[in-house]
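Numbering of the sequence shown is given in this note's numbering, commencing with residue 59 and proceeding in unit increments. Here a beta-carbon is modelled for each residue, glycine too, at the ideal position from N, C-alpha and C. This one's a predicted model, so the numbers in the text were calculated from it and none came from an experiment. Some notes on the structure that comes next.
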Amino acid sequence: MGSEVSACGDMYSFGILMLEMLTGRRPTDHAFEDGQNLHNFVAISFPANLKKILDPHLLSRDAEVEMEDGNLENLIPAAKECLVSLFRIGLMCSMESPKERLNIEDVCIELSIIRKAFLAGAQTCN
Numbered sequence: 059m060g061s062e063v064s065a066c067g068d069m070y071s072f073g074i075l076m077l078e079m080l081t082g083r084r085p086t087d088h089a090f091e092d093g094q095n096l097h098n099f100v101a102i103s104f105p106a107n108l109k110k111i112l113d114p115h116l117l118s119r120d121a122e123v124e125m126e127d128g129n130l131e132n133l134i135p136a137a138k139e140c141l142v143s144l145f146r147i148g149l150m151c152s153m154e155s156p157k158e159r160l161n162i163e164d165v166c167i168e169l170s171i172i173r174k175a176f177l178a179g180a181q182t183c184n
């Protein structure tokens, strides 16, 4: 990326920030050497193996215990769907080609849908 500010560059940064928050890893992590980067790290695990890369601090203590068997299926279905959707947004925003990235309007719509789904799922579990 150059030093010019652009909407596409902002979307890339937003996507990387989302992936950082979801994984707890920084793009400068020592694990990302030899051509590996945060986007590729997540893409390799998406969607089947997200449990391996998800930051455990994002889960409640009960969810952490349930995940010890290595299965995201034990999470509340709404929470699992929301996590998959958030990872997908992070990946789509951090695509190498600016033309392949989501635009801000689509991201706002997706985040609103995720929020509503998560809150609806949380209410049914109380």
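By the neighbour-count definition (other C-beta atoms within 10 Å, threshold 16), HIS115 is an exposed residue.
Taking the Cβ atoms as the reference, LEU80 lies roughly 11 Å from LEU117, outside the contact range of under 8 Å. Here CYS151 is not near GLY82, since their CB atoms are 8 Å or more apart. In this structure, the beta-carbon distance from ILE162 to MET69 falls below 8 Å. When Cβ pairs closer than 8 Å are counted between the two stretches, the segment 137-147 is seen to touch the segment 158-176, the count reaching three or more.
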